[in-house]
Amino acid sequence: MEPAPESFVDLYWMPVGAGTRFQRLSLLVYEGALALWSRRQRAALIHAGLKVCVGGRLSTIESAPAEAGPKARGEVTGPVGARWAGRLRLFRYQVYSRGNETFPDEQWAVGAPSRLTTDPEVASRILCLVREVPAPTLGRRRPGHSEMWTSDSTVSWLLVRAGVDAGLIAVPPGYRAPGWRSGMEEAASPS
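Here you go:
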């Protein structure tokens, strides 16, 4: 009897700033201002990505700046900063699900990946849910949410909707993942 093909969901934390210079600078200013306002130490910002394997087929999932050219069928895109700004590619983000084995900035990952589950049903649900991720304006707080919507919101939303308790996942010490709670709040709200 052959063993069942491997299935798993791994969570990666990567430093924010692998995008444009504008993105890096705006996030440094944002974190510095928020730390000052909150009277806390400034933290390094990280974003989450998932590697999902179902039946031995690996996919990488993350939210990142939209690439040039037409979007592929089924990809979720949304505006950054203001809904009207989304007309320009510079102010759009995209939820990617690719057959790649590495993230563009994986070499700078913070710590080792966390294996969240080996349940093939949960992994399959995540892959199916990628096309249903909400696409509100990135960097804006949605009504009733405690944080703004970010790339981390996308990942936590996927995990909660697939049946993973994202509230038990700890951000590495010394880092912040803004928007993680917002994704959980959106996933828990009635559709």
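Each residue of the sequence shown is one higher than the one before, counting from 12 in my numbering.
All residues carry an ideal CB built from backbone N, CA and C; glycine is no exception.
By the 10 Å Cβ neighbour count, where 16 or more other Cβ atoms means buried, how is Pro90 classified, buried or exposed?
-> With a pLDDT of 49 at Pro90, under the threshold of 50, the modelled position of that residue is not reliable, and the figure given next carries that caveat. Answer is buried; the Cβ neighbour count reaches 16.
What is the DSSP secondary structure of Ala188, reduced to helix, strand or coil?
-> coil
Cβ-heavy atom distance between Glu17 and the ligand FMN below 7 Å?
-> Among the components modelled here there is no ligand, and therefore nothing to report on the ligand FMN.
From Pro124 to Ala146, what distance separates their C-alpha atoms?
-> 26 Å
Going by the beta-carbon positions, is the gap between Tyr186 and Ile72 smaller than 8 Å?
-> no
Classification of Asp163 by the beta-carbon crowding that lies within 10 angstroms, buried from 16 upward | buried
Thinking C-alpha only, which one of Pro183, Pro184 and Met159 is nearest Met195?
-> Met159
Are the Cβ atoms of Val141 and Val106 separated by less than 8 Å?
-> yes
Output the boundary residues of the alpha helix (DSSP H) element that contains Val20.
-> Segment Phe19 to Pro26 is the beta strand (DSSP E) holding Val20; no alpha helix (DSSP H) there.
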